[in-house]
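What follows is a single structure, written as structure tokens, with notes after it.
Protein chains in written order, with UniProt numbering: chain A, 1 to 512; chain B, 1 to 512; chain C, 1 to 512.
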């Protein structure tokens, strides 16, 4: 009996996870009729830039055929040193990849506590009441994925020495977006141009009566004075009337003073990687050890993991949580992990010192992705190494080149090469679901990040060990591919690599 | 070990609930391209009335931009005393709010038992066989929400002294509807106009060969005679041929005689409220006490609650259940709660004696809503009190004014006021997902019901205690809103109210 | 305590199953505006045939109104003796019904093991290394349903004496398909016409640069040589260049040699049926007995069933599983049941020796259907017997006539008969969700298979015992149908049959 219950409690979190994964994966509107009928795919670049005081926001045209088929919108935000991206929320889930730089960010979850409390500044000394309290603030660094749910305000700030470069995917066809597929930014403050609205046809002159660019600027002054209990001057600023177009990214002269625990500051290089790996190890270990011996302390861990899972499914749902009234489940949502590193500092899923590496971040390691229905893949491919022909089984892939260039081939169901060319730094290629693709690196360290429209995306390879061809019976391969048995055996077995094939010369060198 | 299992069994129902909630919330088709691009929103009123013998059905035009964006259809049914709304099913889930009156209703769930058995009438006395048996019948009263799943026949009857007024939302874009987004009523009997089909363009003269208005009227007489084993006269009546347009609501002269347990008759006023509150208390208590002490009788309750959860996910799936053959799980669906009070007799979620009150009914308290992916909010706001600027995080809100009038402001992502005006009794305003809104009551007791397209809807406030602005770090507020630290502190902290702000004079009075 | 936990572990698999069922059922895009507005439904036949070396593929036009409303595509594949349908994957889930014949099939699940190992052939004798290894291969026979998930390669081979005839439904509006609604076949090999692409308007001449018809033919030769480590000749064959249009079904001269365990060969007739029935019995028994007595061996079974459920939700998600590294959960996906018999050899859900029989296969008995969101029904109706008027509560039904002919009536929500005519062998009728339908057999053994777009489809009857009318209170029937009490009682009770009504003369004979 106890064994079974053990198994039950052990499997349950995983099981639920997979449920969530399995379902969340399909929470997307299909493209319109014929919207994925491509003669050819194009490498896409941003076609518009919105300048701000301390940075720029570049956007890809969301009406491009490729992005419409994939049902997403893309932007690249560059934030100068001490730049603050003003808080905004969006009508669809977002996945942000930090290509460069470091800083802090925050999200506001309605109903979660303002748990960061700033002590009195000495200059005032008004007693024991905290100077300020606010919701959690977190650090980010290069290689991080940040997950932002629909309708949750988000802000970020560059506290490093180099500009921050962040690539954002908005999953506009996600069913969490109950509006139409136009990506909308709702800024809480300021008076700025919306980066995506320019692509909309302005039927009848939308935006004429505009007073400012934020969600508060449309309210009457009297409403705001009363609702906020503040004077006219403050209301004027809130509505963005005094804002001389600083835009979405403002400079914080002297730097932003926000309290954040010192231990959370990201350590660079090896250390953090080890820490993350250790954590993974521990978790993996536990799974493996569990069925055989089961000590009390492991149970404790299990329970912790259990509540871990809860985080992603529990959203605050009542209008008014008193802080003391919250139960453990809500606590877990409010402490949900919002950031996960996927860059080169992490341990990859596949690695070949002569060919490259890649890592996929799914809802299994980063549960909030189950809510978003998204995942991400980060890869490096060395010069002349190949990523074997493969396809995405259950997702579209929106691939952005971080560094270097590579030759891509993408083939449709009719056997046509819909893309056969070079992809360079800063360009985006959409690889639609089930289309076959292959990559050959042209640079010493070609690097990319691929956003995937499924929280547990899956790829299938068409060449190499464990590929679909090698898993077919020999005789089926022979007759289906019109080969003799010996040729079929070569086709099944010749390439010993699973994903990344080193260049021929390095293979020789390795043997020699 | 046992502690963990305790926790497991304790959390599981909730966990599953939230799963269902989390997913069901997104089971809706997105609007068509640009369908939510509003220059301005309109206060909508019904534009068509279908007269029946004992009542009227008024409809809002489902092709209005606002209702198309929200993906819903609306109607208002008024049933005179002794009026019976004939049974019909609909190709999408429905949420019905009882604005006025009382009566009884029934739904037919295929596979559930005919568990209400009417004893012999004395006049006949044919032995111990019951006179009639049928599925469950329930009472409703003012302030109730009734939830009707897709394809489930529903009927209702006015057994009170005043007309029954019921507002119905049909969630046509719910994915449970596998047809297109036209709301369709399938009447089981009668010969009446379909209230929504008139809005369809009659391409090629749809409806010309129409014999009667119900799903049986299209079958050949011979089919029906054989399938029902009845004579031609009965078939003629079934097909609605003898029905001289009594319409969807017929008068039952002398009143409808249907058995229903006397204890279920709703008691008025304080009593029932207490009962419902007590029930909530007991449940809340149990959750809190559980981790600390756990007696045998509480286990019993837990198990009961467990099966409670099952109700909503288990639908009858086989074609032929013998009554004695049913297992416990099916029993639970068949006894699922279909009605829940949300009106003023219930205890509100937020309450301020100088400002008003409101309550949200979600799938957590009313599990069937998880199946429908809908929720509802009921509110009262006193004269000159404010509902602070807020937005719906994960739902569209379709707000119907029950009583009085109020000034509404709704702001889009560009900062434009797309609505700035009065909303009066009987009018409907759609507040799209993520659009900011604020309300100022113009009447002593402005009352509304808002249907929400998510079974666990969430709102975020933009002013007041625990608002999004107050949860931002002080320095972020200062720099994002272009304020000095002192102004920023005022903006964060000045308004001590969370949702409903009393009018200034009453605040003064309260202080004085 | 232990009782509760028992209950918990007992219910959990079912509970989760129903969750999955409940949700999967709605994972489908809605039809476009007005796409289900039918003046009349048509009996559809295939309108195109693609000839192959060893068979044909016939297709129904997926642009037919009926199939567009249902959101599916249909084809019929006939495979001659020793014919091999080349491996292909599809951008949407598929349900295949084997109308005739027997053979073997395989699917390739990325990440699952190549667990079938062919020993050395004597002629070579190169030591203990197996001659070939490949993923699981399975038998199929007449009456089987085979479920193929999105993006999973599938092949089949006729190893019997008669042609294999297979009807395939592709659920193109399933949200697992993230492309548009065009059904796409991605062949791994050969150079053949895609059966569905012909229906697409060739805007700008799609397919002009086509080299061959498979997903590998679009890659450069050098890419393939390197990725596969094979020579130019093999690459030429892979790309289909040497393939002189043998098409999608090739003849395997001398027969395909694939190892498969002898015990898996399907036994004919009574034997297998008994086996399947026994299995069902055992499972049913266990459920019933469990609460009362619970022996250790039953626990074992329970655990087995538990992992059974896991199968369908767990998909391989990592790029590189070493065979020894896999945990138990993945094992279960990789051993998931892909085939289930629904034909006449199985025990039906409803049976009347004078009227007929039918059986519905849902995700409860065939869990993979929960992933696909599909189900199937198989029925036989004897001459002049009736299937009473009914409707599909939560699914569209796509009905294909296997044998004989029957008279169908289908009625829409306005009471119009949108179909009233004969349906013959090989024809397809779409019965949209909630439309009422009735069937009268015109042949001694009219047989059909109906594909349903919900993994737990539900029907509601409008006549007979336990019908919706019989479940209404007598007085509601009387007033709603305009009948007196005695007529209402006849309408409720006269027909004692639930689904299938024997012809009048046989009823008399039975009585006499």
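For every residue, glycine included, the Cβ atom is placed at its ideal position computed from N, Cα and C.
Beta-carbon contacts of residue i that lie in its chain and below 8 Å, excluding the five residues immediately before and after
{"i": "residue 284/C", "result": "Confidence in residue 284/C is poor, its pLDDT being 38 and thus under 50, which makes the residue's placement too unreliable to answer from."}
CB-CB length for residue i against residue j, believed under 8 Å
{"i": "residue 393/A", "j": "residue 103/C", "result": "Not really, about 25 Å apart at Cβ, beyond 8 Å."}
{"i": "residue 77/B", "j": "residue 55/B", "result": "7 Å"}
{"i": "residue 477/C", "j": "residue 483/C", "result": "7 Å"}
{"i": "residue 425/B", "j": "residue 407/B", "result": "The Cβ separation is near 14 Å, so there is no contact."}
{"i": "residue 173/B", "j": "residue 29/B", "result": "4 Å"}
{"i": "residue 196/B", "j": "residue 59/B", "result": "6 Å"}
{"i": "residue 199/C", "j": "residue 62/C", "result": "6 Å"}
{"i": "residue 436/C", "j": "residue 215/B", "result": "4 Å"}
{"i": "residue 191/C", "j": "residue 245/C", "result": "7 Å"}
Which residues DSSP lists as bridging residue i, in chain order
{"i": "residue 214/B", "result": "187/B"}
{"i": "residue 359/C", "result": "378/C"}
{"i": "residue 158/C", "result": "103/C"}
{"i": "residue 77/A", "result": "57/A and 166/A"}
{"i": "residue 249/A", "result": "85/A"}
{"i": "residue 352/A", "result": "356/A"}
{"i": "residue 459/B", "result": "392/B"}
{"i": "residue 44/A", "result": "428/A"}
Boundaries of the beta strand (DSSP E) in which residue i is found, first to last residue
{"i": "residue 234/B", "result": "Where residue 234/B is concerned, there is no enclosing beta strand (DSSP E), although the alpha helix (DSSP H) it sits in stretches over 232 to 238."}
{"i": "residue 486/B", "result": "Premise fails: residue 486/B lies in the alpha helix (DSSP H), 485 to 493, not in any beta strand (DSSP E)."}
{"i": "residue 70/C", "result": "Residue 70/C -> not in any beta strand (DSSP E); alpha helix (DSSP H) instead, spanning 65 to 70."}
{"i": "residue 474/A", "result": "From DSSP, residue 474/A is part of no beta strand (DSSP E) but of the alpha helix (DSSP H) over 474 to 480."}
{"i": "residue 145/C", "result": "144 to 148"}
{"i": "residue 50/C", "result": "48 to 52"}
{"i": "residue 132/B", "result": "132 to 134"}
{"i": "residue 430/B", "result": "428 to 431"}
{"i": "residue 405/B", "result": "405 to 411"}
Own chain partners of residue i with C-beta closer than 6 Å, once the 5 adjacent residues on each side are dropped
{"i": "residue 321/A", "result": "With a pLDDT of 33 at residue 321/A, under the threshold of 50, the predicted position of this residue should be treated as unreliable, though the coordinate-derived value follows. 111, listed in sequence order."}
{"i": "residue 175/C", "result": "27"}
{"i": "residue 450/A", "result": "377, 397 and 399"}
{"i": "residue 503/C", "result": "384 and 385"}
{"i": "residue 208/C", "result": "Its pLDDT being 45, under 50, residue 208/C is placed unreliably in this model, and the value from its coordinates should be taken loosely. No residues qualify anywhere along the chain."}
{"i": "residue 23/B", "result": "Any reading at residue 23/B must be qualified, since the residue scores a pLDDT of 38, below 50, and its modelled position is unreliable; the value itself is stated next. Answer for residue 23/B: no residue qualifies."}
Residue i: first and last residue of the uninterrupted alpha helix (DSSP H) it sits in
{"i": "residue 223/C", "result": "221 to 228"}
{"i": "residue 256/A", "result": "Unbroken run through residue 256/A: none, as it is neither H nor E."}
{"i": "residue 370/A", "result": "368 to 372"}
Proximal residues to residue i (C-beta, below 7 Å), its chain only, five neighbours per side dropped
{"i": "residue 169/A", "result": "72, 74, 94, 95, 398 and 451"}
{"i": "residue 325/C", "result": "Below a pLDDT of 50, predicted positions are generally treated as unreliable, and residue 325/C, at 36, falls in that range; no measurement from the model is reported."}
{"i": "residue 472/B", "result": "none"}
{"i": "residue 137/B", "result": "104, 106, 116, 258 and 260"}
{"i": "residue 374/C", "result": "93, 95, 171, 451, 452, 453 and 455"}
{"i": "residue 304/A", "result": "Reliability of the predicted coordinates at residue 304/A is poor, the pLDDT of 33 falling under 50, and the value obtained from them is presented with this limitation in mind. Taken in chain order, the list of residues that qualify is empty."}
- Listed in chain order, which residues of the segment 86 to 107 of chain B have Cβ atoms closer than 7 Å to some Cβ of chain A? none
- Task: Taking a Cβ distance cut-off of 7 Å, strictly less, list which residues of the segment 442 to 462 of chain A are near chain C, in chain order.
- Result: 453, 456, 458, 459, 460 and 462
- Query: Closer than 7 Å, Cβ to any Cβ of chain A: which residues of the segment 476 to 500 of chain B, in chain order?
  - Reply: 476, 479, 480, 481, 482, 483, 487, 490, 491, 494, 495, 498 and 499
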